[in-house]
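For reference, the structure discussed in these notes is given below.
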Amino acid sequence: MSSASWGHQIDLLVRARTPLIWVRSNEEARVESLLGEAAQRLARQLVCWNFIDGISGPVNADGQGSRQPMAMLQWLQQRDAGSPTLLLAKDFHRFCDDPGVARMLRNLEASLRSTPHTLVLCCGQWTPPGDLEESLTLLDLPLPDNNDLRRLISSIGTSSGSPLPAPVLDELAQACSGLSEMRVRQVAARALARRGQLGSEDLQDVLDEKRQTIARSEVLEFCRSDAGTEAIGGLDGLKTWLNQRHRAFSEDARRFGLPLPRGVLLVGPQGTGKSLTAKAIACSWSMPLLRLDVGRLFAGLVGASEARTREMIQRAEAMAPCVLWIDEIDKGFGGDGRSDGGTTQRVLANVLTWMAEKQSPVFVVATANGVEKLPPELLRKGRFDEIFMLDLPSSAERHSILELHLERRRPG
């Protein structure tokens, strides 16, 4: 979703007099900028609040006196209807466990419906108290898409006095996919400080920034993949299939309307090359490789596992085109989930829905030691394009594997 599409959604909610909106995003500055644009379109005043500065903006308010969350809510409730207001409350979710604040929010929901005022809460991962869930309208702000990145990078290049040629702009925008606006600005600032201009030479900086972004994630790991499918002995059928499917990611395939490959499930005993194959696919296709340990999706707090699943999906789609390696999926989803209150089933349902409906070029490579414990819905057509059995190598495959290893060690 582009920033323009998101702007249309927020416009609709404000015009419909939606009283309480939760914008799920960690990009505070970007949210404030987009809300500022919406306020101009809708003839509203944008007012910001945080616990340190209180209320700030083009209003007559005692900033220090309004630092307390209850005081801010009362200020908005008493606001003159002749001054339509969008109030962006930052970090307000930290106060919502207070019964008084929660009660005031519910009262505010009823009173704001007859006014042109809207309260917008901005925060990332959060599980609202149960009595507030029905009061909040959730609106996700995805990471910048290709069009957003092109505009941002072009603006940075122009303001620095070095406008970018279209091919370089396309290359940088594609490389920056998956980064927040702030991270893109940081990469650009380093490039300008080093060379005074942006260019293709900055692609390594972008890759390093992506690695750091994934490293900060609790659920995904950025893996190196230095050897392609030519480094795998045997598995000729799988390698032929992969070479054919790679073409489906090309622009020609898009123009012909070919569907994107969904992924493969690799099943076999330990040591038969499942992990090596996942890495080889990413290397051969020149795509970043993200590894998901399914166990990292599960957390002790209520709702945290579902939040981590959403984060995983968002980061994987933002990094697209990429290869998502789900390691030992049978261990993560092989149980019946009866002992965890249904968390496993909910997480699995989210993953399955995404795998069946995803439109982004994320190629899923799942590995499993066996299919006996896997739920049947995971093996249904539409989740994976194919299921490959990686058994112990045959005599010819052992010969091929030995040749590869001897070639690496052969002097000269």
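In the working numbering, the protein residues as written are 1114 to 1525. Glycine included, every Cβ here is placed at the ideal spot set by N, Cα and C. Please read all numbers here as calculations on a predicted model, not as lab measurements.
Assign residue i to one of three DSSP states: helix, strand, or coil.
i: residue 1460; result: helix
i: residue 1138; result: coil
i: residue 1271; result: helix
i: residue 1468; result: helix
i: residue 1511; result: helix
i: residue 1487; result: coil
i: residue 1505; result: coil
i: residue 1280; result: helix
i: residue 1397; result: helix
i: residue 1126; result: helix
i: residue 1443; result: helix
i: residue 1291; result: coil
i: residue 1120; result: helix
i: residue 1455; result: coil
i: residue 1115; result: coil
Excluding the 5 residues preceding and the 5 following residue i in the sequence, name in chain order all residues of the same chain whose CB lies nearer than 8 Å to its CB.
i: residue 1128; result: 1155
i: residue 1299; result: 1322
i: residue 1465; result: 1490, 1491, 1496
i: residue 1487; result: 1442, 1443, 1446, 1447, 1481
i: residue 1192; result: 1198, 1228, 1230
i: residue 1284; result: 1313, 1316
For the candidate residues the options, whose alpha-carbon lies nearest to that of residue i?
i: residue 1508; options: 1348, 1210, 1259; result: 1348
i: residue 1462; options: 1426, 1245, 1126, 1345; result: 1426
i: residue 1406; options: 1437, 1431, 1378; result: 1437
i: residue 1481; options: 1130, 1116, 1440; result: 1440
i: residue 1269; options: 1244, 1286, 1133, 1324; result: 1286
i: residue 1255; options: 1117, 1516, 1445, 1410; result: 1117
i: residue 1131; options: 1225, 1214, 1141; result: 1225
i: residue 1198; options: 1393, 1470, 1186; result: 1186
i: residue 1387; options: 1328, 1352, 1424; result: 1352
i: residue 1434; options: 1344, 1473, 1350; result: 1473
i: residue 1515; options: 1324, 1345, 1423, 1357; result: 1345
i: residue 1411; options: 1218, 1220, 1182, 1421; result: 1421
i: residue 1262; options: 1294, 1276, 1146; result: 1294
i: residue 1143; options: 1158, 1126, 1115, 1484; result: 1115
i: residue 1374; options: 1382, 1381, 1394; result: 1394
i: residue 1338; options: 1310, 1404, 1218, 1428; result: 1404
i: residue 1181; options: 1153, 1211, 1259, 1139; result: 1211
i: residue 1279; options: 1302, 1311, 1253; result: 1311
i: residue 1194; options: 1158, 1201, 1216, 1218; result: 1158
i: residue 1265; options: 1196, 1292, 1408, 1137; result: 1292
i: residue 1471; options: 1511, 1389, 1372, 1396; result: 1372
i: residue 1383; options: 1506, 1208, 1215, 1350; result: 1506
i: residue 1476; options: 1429, 1320, 1179; result: 1429
i: residue 1125; options: 1148, 1389, 1137; result: 1148
i: residue 1343; options: 1365, 1513, 1314; result: 1513
i: residue 1408; options: 1363, 1333, 1361; result: 1333
i: residue 1282; options: 1303, 1396, 1314, 1362; result: 1314
i: residue 1241; options: 1208, 1329, 1259; result: 1208
Excluding sequence positions up to five away, which residues of its chain have a Cβ less than 6 Å from the Cβ of residue i?
i: residue 1296; result: 1322
i: residue 1135; result: 1234, 1249, 1251
i: residue 1468; result: 1496
i: residue 1236; result: 1206
i: residue 1316; result: 1288
i: residue 1359; result: 1398
i: residue 1273; result: 1305
i: residue 1517; result: 1346
i: residue 1456; result: 1418
i: residue 1335; result: 1324, 1327
i: residue 1123; result: 1151
i: residue 1380; result: 1481, 1484, 1502
i: residue 1479; result: 1378, 1439, 1442
i: residue 1253; result: 1137
i: residue 1367; result: none
i: residue 1239; result: 1206
Would you list the residues sitting across from residue i in a DSSP beta bridge?
i: residue 1494; result: 1497
i: residue 1402; result: 1336, 1436
i: residue 1476; result: 1436
i: residue 1481; result: 1380
i: residue 1133; result: 1232
Among residues of its own chain, excluding the 5 on either side of residue i, which ones have a beta-carbon nearer than 7 Å to its beta-carbon?
i: residue 1176; result: Here the model assigns residue 1176 a pLDDT of 49, short of 50, so the residue's position is not dependable, and the following value carries that caveat. Answer for residue 1176: 1166, 1167, 1168, 1169, listed in chain order.
i: residue 1499; result: 1354, 1377
i: residue 1222; result: 1132, 1133, 1248
i: residue 1217; result: 1183, 1186
Item checked: Ranges of the beta strand (DSSP E) found wholly within the segment 1305-1387, counting only runs of at least 3 -> 1333-1336, 1376-1380, all fully within the segment 1305-1387.
Margin query: If we require 4 or more residues per run, which alpha helix (DSSP H) segments fall completely within the segment 1138-1207?
Written below: The segment 1138-1207 contains these whole alpha helix (DSSP H) runs: 1141-1155, 1182-1190.
Note to self: Which complete beta strand (DSSP E) runs does the segment 1219-1275 hold, if anything under 3 residues is left out?
What the structure shows: 1231-1236, 1250-1253, all fully within the segment 1219-1275.
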